[in-house]
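J.:
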Amino acid sequence: MKKMQNGQAYPFLTPFMILVSIFYIVPAILTIAMSLTGLDSSFVWEWNNFNNYRKILLDPNTGKIVLNTVVFVGCAIALTIVLDLVIAVLVTYFIKNESISSFFKSLIMIPMITPAVVYSVLWIWLLDASENGVVNQLYMGVTNSAIPLNWIAKYPMQIVVMATVLTSLGFGAINFSSAIKSIPEDQFKAARIDGAGEWEIVSGIILPNIRYHIQFIALWETLGLLTNYVTIMLITDGGPSMQTEVWALSAYHKAFTNQQYGYGAAISMVLIFVVMVLMLLLNKVTSRRDA
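Residues in the sequence shown are numbered consecutively from 10, following the working numbering.
(1) When burial is assigned at 16 or more other CB atoms within 10 Å of the CB, is Y261 buried or exposed?
(2) Please state if the CB of I74 and the CB of M251 are separated by a distance shorter than 9 Å.
(3) Taking one C-beta from the segment 81–99 and one from the segment 165–184 each time, how about it: are there three or more such pairs within less than 8 Å?
(4) Using the beta-carbon count (16 or more within 10 Å), is I34 buried or exposed?
(5) Could you check which residue in K198, L76 and L216 has the C-alpha nearest to that of W256?
(6) As an exercise, report each continuous beta strand (DSSP E) stretch of at least 3 residues that is fully enclosed by the segment 167–237, in chain order.
(7) Does the CB of Y221 have a neighbour CB from chain B at under 9 Å?
(8) Specify the secondary structure class of T78 as computed by DSSP and reduced to three states.
(9) List the DSSP bridge partners of W56.
(10) Which residues in the same chain as P120 place their Cβ atom closer than 8 Å to its Cβ, once the five residues preceding and following it in sequence are excluded?
(11) Nearest by alpha-carbon distance to I189: which of T173, V211 and Y148 is it?
(12) Which residue from S186, I219, E207 and M285 puts its Cα closest to that of T101?
(13) Out of curiosity, what's the CA-to-CA distance linking N218 and Q196?
(14) Can you give me the start and stop residues for the alpha helix (DSSP H) that E107 sits inside?
(15) Taking 7 Å as the limit between beta carbons, can you name the residues of its chain near Y62, skipping five residues before and five after?
(16) Among the residues of its own chain, which have a CB less than 8 Å from the CB of Q268, if the five just before and after it don't count?
(17) According to DSSP, is E68 part of a helix, a strand, or is it coil?
(18) Is it the case that the segment 96–116 contacts the segment 277–292, given that we only count it when at least three CB pairs across the two stretches are under 8 Å?
(19) Assuming V151 and T240 form a contact by the criterion Cβ under 8 Å, report the distance between their Cβ atoms to the nearest whole angstrom.
(20) Answer yes or no: do G247 and L258 have a C-beta to C-beta separation smaller than 9 Å?
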C-alpha cells in the first residue's frame, strides 16, 4: 500500500522536478563549470582550473568590496531588526484597535511590493543634485544655503542602506507582530499586577518570547541582503569610486559589464558558499525553535 501511494505521488511531482532541474539545478552546475573557465565575450570555454579564484584573492579591490558588503549588510540588518521590533510593538501591543493596526501594517507593506525600478527612481528624484531636488529645496530653505548638495555622491552608503531597509520592513514587522499576538495574555496581566511598567513588559516578556523569531528574521534578511544588488545598482551603480560596490554587484559587473563570465561566476560561487553556510544556520535556528 505504501509503494502504491508513493507511485501515485510521483506523476504529480515529476513536472515540478523537471522545472526545478531546468531552472535551478542545471544553471547551478553550469555556474560551477563556468567558474573554472576563462569564458569571456568570445564564448570559448577554456579550462583554467582555479585561476579565477586565485584572481579574486589577488584583486586589489577584493578587500574594499568585502568591507563594503559587511558594512552594508551589518548596518541594514541592525536597522531592519530595530525598526521591525519598534513597528511590531507599536501596532500590536500599544495599538489595541485592530482596524488601525491593520492600516499601519498595510502602509509598511507598500515599499515592499513597489517595483525596485520605480522605488529607485523615486529616491533619485528626491535626492536630485540640482536646486530643483525635493530634499535640496528643503535643505536650502532651512539652512538658507545657496548651494545644493549632491546627496548621493556625498552619502552613497547611507542612502543605499536607507533605501534597502525601507523596502524590507514589511516582512519582519508582520512576522514579529504575529509572534507578539501569540504570547498568552496572562503573562501581560501578571506583569501589570506585579507593577511592571511598559518598558519592563517589552524587555522582559515580549523580547524573550520572540527571540527565535528575531534570530530567524536576522538570518533571513542577511541571506536576502547578500544576494540583493538591484537597488544599489539603480541608485549608485556601486559608485562613487566603488564606495557602494558590494559582492553581488561585483559579480554582475564582472560578468555582464566587463563580459568576464568565468570570473563573474567564480565571484558568485564564493557568495553561494557563504549563503549555504547561512542557510545551515537558519535551518538550525528553525529546528531549535520548533523543538
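Here a beta-carbon is modelled for each residue, glycine too, at the ideal position from N, C-alpha and C. All of these numbers come straight from a predicted model, not from anything done at the bench.
T.: Reading off the structure:
(1) buried
(2) yes
(3) yes
(4) exposed
(5) L76
(6) Taking 3 residues as the shortest admissible run, the segment 167–237 contains no complete beta strand (DSSP E) segment at all.
(7) Included in the structure is just one protein chain, with no chain B present.
(8) helix
(9) T46
(10) Once the five neighbours on either side are set aside, the close Cβ partners of P120 are Y128, L175, T176, L178 and G179.
(11) Of the candidates T173, V211 and Y148, the one whose C-alpha sits nearest the C-alpha of I189 is V211.
(12) S186
(13) 11 Å
(14) E107 to I122
(15) A275
(16) D49 and S50
(17) At residue 68 the sequence reads Asp, which differs from the Glu that was named. Three-state DSSP puts D68 in coil, outside helix and strand.
(18) no
(19) Actually they do not touch by this definition, with Cβ atoms about 28 Å apart.
(20) yes
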